[in-house]
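Asks: Going by the numbering used here, the sequence shown opens with residue 310, and the numbers climb by one from there.
Supplied in structure tokens, the structure appears directly below.
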Amino acid sequence: MYPTADPAATRDLDSEVDEFLSSPADYFGWKDAAVHSIPRDKLEALQLRGAQVRFDYLRDRVPVLKKLTDEQKVDGINSVNDLVPLLFSHTMYKSYPLTLLKNSRFDLLTGWLQKLTTVDLSGFDTEGLDSIDSWISALDGHTDLRVRHSSGTSGHMSFIPRTSAESDRHFYSMMLAKFDRNGVETPRPDKALGMHVVMPVFRSGNTGLLRANEYFIRDIAGNDEEKLHFLYPGHQSSDLMFLAGQIGNAEALGSTHLNLSPSLIERRDEFEALAANRQMDTDRFFDAVVERLKGKRIWGSGTWNVLYRLAISGRERGASGVLDSKSIIQTGGGAKGQTVPADWEPMVCDFLGVEKLNHTYGMTEVMAGHALCEHDRFHIEPWTILFVLDPDTGYPMPRTGVQTGRAAFFDLLSETYWGGFVSGDEVTVDWTSQCACGRTTVHIAREIERYGADRGGDDKITCAASADAHDSALAYLNDLLQ
């Protein structure tokens, strides 16, 4: 049975909320067991009070939220369901006119971003910024923002205005389920682990995934270059990712025309060469790293198909148990219509010499990584309020029993931007039964599907009754952007 713990049992609720919001890792004593054994009634009280604190602070400080609350006439949060009409649709963080990126109008894009954050950007100088990379780099250097963007495969990147403090909070809280749950010391700001880091990605970049690399480098590898192993040593260009999305969109429409700047179009060969060599580069990278790090403890990641090919290759050579058994391997994704072999995971574990692989459910917009337990259930981190919305009406479904619908979240770690977000995911949630693993947190089934365009896709707003209010907020967000 999973151990029970309640580190805050004797403290008054109001005195706990600040620590719970500002540093979940400290609040739970850096113990994953405490995170997932907090009594449900206590957690719900913390979450409601936390939501009230966030609403009261952000309502008049995030311009687009103020516009939405005025339209909805929401003056306070008395229950968590009061948040539902205020959850942003996925389009909110990518609602800027695409021409702003195509024409390098980073002055207007900064004005759009200002309406989503409390960080003052009024003195931010965009003169001379001619690329997404240069814009984000300048924001890094001259403001407290550490903007991260989505992959942009749809052709339109979402930009999330997260600060450095929020990024710290995200990383350290998420690491509890990766390290402490696996019996390995958790990285902390004042104590690097000195583990090898193996990542089949660029060393740096501006996506949510690549933004985390700076923490892996500092807090896991201890800035030891001998312990850092990246597929590509450089920076992944956001502009090249934008180009990739535009190429994909054009191809989907049967077009070869790209309405982009000549300087960006000139990079098409660079993108195509990278895409053509990616699988071969990745396979060679893992083969070389595994040979070099035999018996070592590593932190690493890889999609299922890459790890499976690696395991097959290793088995053909008669290799197994190649890493220290306490190595932590993150995985997921990568199927893209392929049939996933039933034996892929045990084969990979046998080859690498680890007891299990670590699966996480998460997204760029929410600062949580919901880890999969040994009974194939994703447990929702306490600093995230989960909602299940009716996929047709958008209204919240009961928070009892087993419910299937559209996942939506309120991110309690967001203190400079609004953390309410509606996803494009269909999930099945068990609100009532305690998971067989013994954890007390709400849990969802491993099988998660995406809603197709016929059912709203990513762009479904919260409910029909608030359609005008959301449309008005989006119009306000883009007011004066030409």
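The C-beta atom is built at its ideal place from N, Cα and C for all residues, glycine as well.
For A773, is the classification buried or exposed, using 16 other Cβ atoms within 10 angstroms of its Cβ as the cut-off for buried?
Replies: Reliability fails at A773, whose pLDDT of 41 lies under 50, so the model's placement of it is uncertain and the value that follows must be treated cautiously. So A773 counts as exposed.
Asks: Give the C-beta separation of F719 and G733 to the nearest angstrom, bearing in mind that I take them to be a contact with Cβ-Cβ under 8 Å.
Replies: Actually they do not touch by this definition, with Cβ atoms about 17 Å apart.
Asks: What would DSSP say about V649, mapped onto helix, strand or coil?
Replies: Residue state for V649 is assigned as coil, using DSSP reduced to three classes.
Asks: Pairing CB atoms from the region 537 to 545 with CB atoms from the region 585 to 604, are three or more of them under 8 Å?
Replies: yes
Asks: Run through DSSP, which three-state label would Y704 get?
Replies: If DSSP states are grouped into helix, strand and coil, Y704 belongs with coil.
Asks: Buried or exposed for D341, please, with buried defined as at least 16 other CB atoms from any protein chain shown within 10 angstroms of its CB.
Replies: buried
Asks: By Cβ distance, which residues of its chain are closer than 8 Å to D416, with the 5 residues on each side in sequence left out?
Replies: Excluding sequence positions up to five before and after D416, its CB lies within less than 8 Å of the CB of T435, all in the same chain and listed in chain order.
Asks: Report the rounded CA-to-CA distance for H679 versus T669, giving the unit in angstroms.
Replies: Annotation: H679 to T669 spans about 5 Å, alpha carbon to alpha carbon.
Asks: Could you tell me whether the region 497 to 509 touches the region 353 to 363, using the rule of 3 or more Cβ pairs below 8 Å?
Replies: no
Asks: Would you call the region 463 to 471 in contact with the region 398 to 407, where contact means no fewer than 3 C-beta pairs closer than 8 Å?
Replies: yes
Asks: Would the region 706 to 720 and the region 682 to 698 be scored as touching if the rule is three or more Cβ pairs under 8 Å?
Replies: Counting Cβ pairs under 8 Å, three or more are found: they touch.
Asks: Whole beta strand (DSSP E) runs in the region 530 to 593 with 3 or more residues, listed along the chain?
Replies: 537 to 544
Asks: Assuming M589 and Y617 form a contact by the criterion Cβ under 8 Å, report the distance between their Cβ atoms to the nearest whole angstrom.
Replies: About 16 Å; that fails the 8 Å criterion.
Asks: My assumption, with CB atoms under 8 Å, is that G464 sits in contact with Q356. Please give the rounded CB distance.
Replies: 36 Å between Cβ atoms; not a contact.
Asks: On the criterion of 16 or more Cβ atoms from any shown chain inside 10 Å, does D327 qualify as buried, or is it exposed?
Replies: exposed
Asks: By DSSP, does G747 sit in helix, in strand, or in coil?
Replies: coil
Asks: Grab me the residues of I375's own chain with a C-beta within less than 7 Å of its C-beta, minus the 5 sequence neighbours each way, in chain order.
Replies: Reading off the sequence, residue 375 comes out as Lys, not Ile. Excluding positions up to five away in sequence, the list reads R368, D369.
Asks: Determine, using beta-carbon pairs with one atom in the region 541 to 550 and one in the region 574 to 588, whether at least three such pairs fall under 8 Å.
Replies: yes
Asks: In the DSSP assignment, what residue or residues form a beta bridge with N667?
Replies: Q639
Asks: Does the pairing of the region 735 to 746 with the region 480 to 492 give three or more beta-carbon distances under 8 Å?
Replies: no
Asks: Check whether the region 417 to 436 touches the region 447 to 465, counting contact only when three or more Cβ pairs, one atom from each stretch, lie closer than 8 Å.
Replies: For the pair of segments examined, the region 417 to 436 was found to touch the region 447 to 465: the number of CB pairs separated by less than 8 Å reaches three.
Asks: Should A716 go down as buried or exposed, given a rule of 16 or more other Cβ atoms within 10 Å for buried?
Replies: buried
Asks: Leaving out five residues before and five after D768 in sequence, what residues of the same chain have Cβ atoms less than 7 Å from its Cβ?
Replies: With a pLDDT of only 49 at D768, under the threshold of 50, the placement of this residue in the model should not be trusted; the figure read from the coordinates follows. S398, H399, T400.
Asks: Provide the residue span of the beta strand (DSSP E) that contains I694, from first to last.
Replies: First-last of the beta strand (DSSP E) with I694: 693 to 698.
Asks: Applying the criterion that 16 or more other CB atoms from any shown protein chain within 10 Å of the CB defines a buried residue, is Y760 buried or exposed?
Replies: buried
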